[in-house]
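As structure tokens, the structure follows; a few thoughts come after it.
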Amino acid sequence: MTVRCARAQFRLRPDETRRAAFGFYLGRALEAHPGIELCAAVQMSNHLHLVVVDRSSELSGFMCRFLGPLAKVLNGLDGTRGQVFERRYAATEIVDDDALLDCITYVVTNPEAAGLVRTDAESPGLLLDPRGQREERFERVRSEEYARAVASAAARGDGETVAEADFTDVTWVRVGGALEAEELADLAARVLARRTKLRAARNGRPVLGARRVVQEDVFSAPAHPKRSPMPLCHASTGDLWLAFREG
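Numbers 10 to 256, taken from my numbering, label the letters of the sequence shown in order.
Following this line, the structure appears as structure tokens:
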């Protein structure tokens, strides 16, 4: 799945605050929709990619639970209102296991392919990869409730201490459960092969670097955003693609 920011703006800029919000609401959506299994995720400045297995036809509800509160937080951070994402989301079915590994490879190497960093380890945005970084903990303070509780305690003057931890929600984002050990080994080989090709294509040209990525203006955008037609499906062979089309 792909979700793009409206007008290709860098509203998802992977600074610490937006990264934490991205991860927290992704985790809450996964908790609310146990039929969704996350295989990979990447946060770019003006779009995101997820690879999931939808076991219970929960995709629409899951994405609404993820993107709705995330958009509200981004608008709050930027002091604005209105549309954050250009449409609901673009979902493309993955037909076979071989294509699944190719899609995960594409997602986890996306920051390198965009010329932002030299390796995925340098990417400042959330990047969950079943080869290694398979889970991460996120928390978010219910700041308005906490502030009211602090003000109420101060007004009473009884010396009661209000703990921020009592107003902090915690969630986990986990990936990779759908892949067997042999598939993980195959995935590692594919990622290495694509990384090698990307480095050769860069031919020594410098990358933007994590520091500059997180300093970009959230309302700016690339001069020429990349666009490509949405594929009918992801399939590893032409026969599988044709069979999906006929179906």
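The beta-carbon is built from N, C-alpha and C at its ideal position, and this holds for glycine as well.
Buried or exposed by the 16-neighbour rule on C-beta atoms within 10 Å, applied to residue i
i, result
"Arg157", "exposed"
"Arg28", "buried"
"His243", "buried"
"Arg37", "buried"
"Met53", "buried"
"Phe31", "buried"
"Thr89", "exposed"
"Leu201", "exposed"
"Gly141", "exposed"
"Thr26", "exposed"
"Arg208", "exposed"
"Arg13", "buried"
Where residue i sits in the DSSP three-state scheme
i, result
"Cys242", "coil"
"Ala258", "No statement about residue 258 is possible, as the shown extent of the chain runs from 10 to 256 and does not include it."
"Ala122", "helix"
"Asp226", "coil"
"Thr11", "strand"
"Leu217", "coil"
"Arg146", "strand"
"Phe33", "helix"
"Glu67", "coil"
"Arg236", "coil"
"Ala187", "coil"
"Ala202", "helix"
"Asp178", "strand"
"Val104", "coil"
Reference residue i; option with closest CA among the options
i, options, result
"Arg199", "Leu39, Thr118 and Gly70", "Thr118"
"His42", "Thr26, Glu67, Ala49 and Val62", "Glu67"
"Ala100", "Met10, Glu192, Val159 and Ala209", "Met10"
"Ile5", "Arg254, Pro139 and Val184", "Residue 5 falls outside the range modelled here, since the chain spans only 10 to 256, and no answer is possible."
"Ser245", "Lys81, Cys112 and Pro139", "Cys112"
"Ala49", "Val223, Leu188 and Lys206", "Leu188"
"Ala174", "Asp167, Tyr155 and Ala162", "Tyr155"
"Pro139", "Glu25, Leu193 and Gly247", "Leu193"
"Ala122", "Glu145, Pro238 and Thr205", "Thr205"
"Arg103", "Asn84, Asp63 and Glu95", "The question names Arg, yet the displayed sequence has Ile at residue 103. The residue with the shortest Cα to Cα distance from Ile103 is Asp63."
"Met239", "Arg221, Leu39, Leu196 and Tyr98", "Tyr98"
"Asp195", "Thr114, Leu47 and Glu95", "Thr114"
Same chain, Cβ closer than 8 Å to residue i, five either side skipped, listed in chain order
i, result
"Pro234", "Ala17 and Asn55"
"Arg143", "Leu137, Arg183, Val184 and Gly185"
"Leu241", "Thr101, Trp250, Phe253 and Arg254"
"Ala162", "Glu169, Thr170 and Val171"
"Asp87", "Arg20, Val227 and Phe228"
Contacts around residue i, its chain only, beta-carbon distance under 6 Å, and the 5 residues preceding and following it disregarded
i, result
"Gln92", "Ala15"
"Ser132", "Pro120 and Val126"
"Val116", "Ala49, Val51, His58 and Val60"
"Val82", "Ala30"
Sequence-distant residues of the same chain with beta carbon closer than 7 Å to residue i, five excluded per side
i, result
"Tyr34", "Phe75, Pro78 and Leu79"
"Phe228", "Gln18"
"Val223", "Arg22, Pro23, Asp24 and Pro133"
**OP:** Would you be able to state if there are at least three C-beta pairs under 8 Å between the stretch 17–34 and the stretch 45–60?
**Re:** yes
**OP:** Would you check if there are 3 or more beta carbon pairs closer than 8 Å linking the stretch 123–132 to the stretch 213–224?
**Re:** yes
Original post:
Within the chosen definition, does the stretch 101–120 reach the stretch 66–78 through at least 3 CB pairs nearer than 8 Å?
Top reply: no
Original post:
How about the stretch 171–181 and the stretch 144–162: do they share at least three Cβ pairs that are nearer than 8 Å?
Top reply: yes
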